[in-house]
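Have a look at the structure below before the remarks.
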Ligand SMILES: CC(C)(COP(=O)(O)OP(=O)(O)OC[C@H]1O[C@@H](n2cnc3c(N)ncnc32)[C@H](O)[C@@H]1OP(=O)(O)O)[C@@H](O)C(=O)NCCC(=O)NCCS
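In our numbering, the protein residues as written are 144 to 266.
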């Protein structure tokens, strides 16, 4: 996944990107997100990843809830993200976290790159 995670995300979105470590201090997961510069109501999650051995243990939920808390404090009421229609695990994860499918858009990220657009309202 390195091509979609250039260093800029870890330099310029520090306040809204987080890592999770296990008891040994090893990386177990991360979330990269940011405050929308276009819409002052919105925040966006670019990518979440949890290491295979830690999946299903609440790491992803913990990372997302930390993100929600931070962006809510910044006055954001909507969180958006996109995922691939083929990634059923990701869609299920986001629905468990309270996202709903806003739209499914063909060629959203270029020819053949369809995306599920997900949206969550923060209460
Ligand atoms: C998607 C991913 C981040 C989930 O992380 P995770 O730490 O395993 O998720 P959690 O254990 O915190 O689960 C949170 C909720 O999502 C649900 N969930 C997670 N994966 C699920 C799956 N494959 N199917 C159904 N539900 C799932 C859990 O049941 C849980 O629900 P609950 O809290 O109501 O009980 C992880 O599987 C991953 O890194 N996948 C590869 C990278 C990827 O696809 N990233 C998303 C691209 S945008």
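Idealized CB from N, CA, C, for every residue including glycine.
Query	Result
Look up residue 245 in the DSSP assignment and say whether it is helix, strand or coil.	strand
Can you name, in chain order, every residue of its own chain whose Cβ lies under 6 Å from the Cβ of residue 240, other than the five neighbours on each side?	207
Using only CA atoms, which one of 187, 261 and 227 lies nearest to residue 253?	227
What do you get for residue 212, buried or exposed, if any count of 16 or more other CB atoms within 10 angstroms of its CB means buried?	exposed
Mind checking residue 155: buried by the 16 CB within 10 Å criterion, or exposed?	exposed
In angstroms, rounded to a whole number, what distance separates the CA positions of residue 177 and residue 201?	22 Å
Is the Cβ-Cβ distance between residue 244 and residue 259 less than 7 Å?	yes
Which residues does DSSP pair with residue 186 in a beta bridge?	178 and 222
How many Å lie between residue 184 and residue 173 at the Cα?	24 Å
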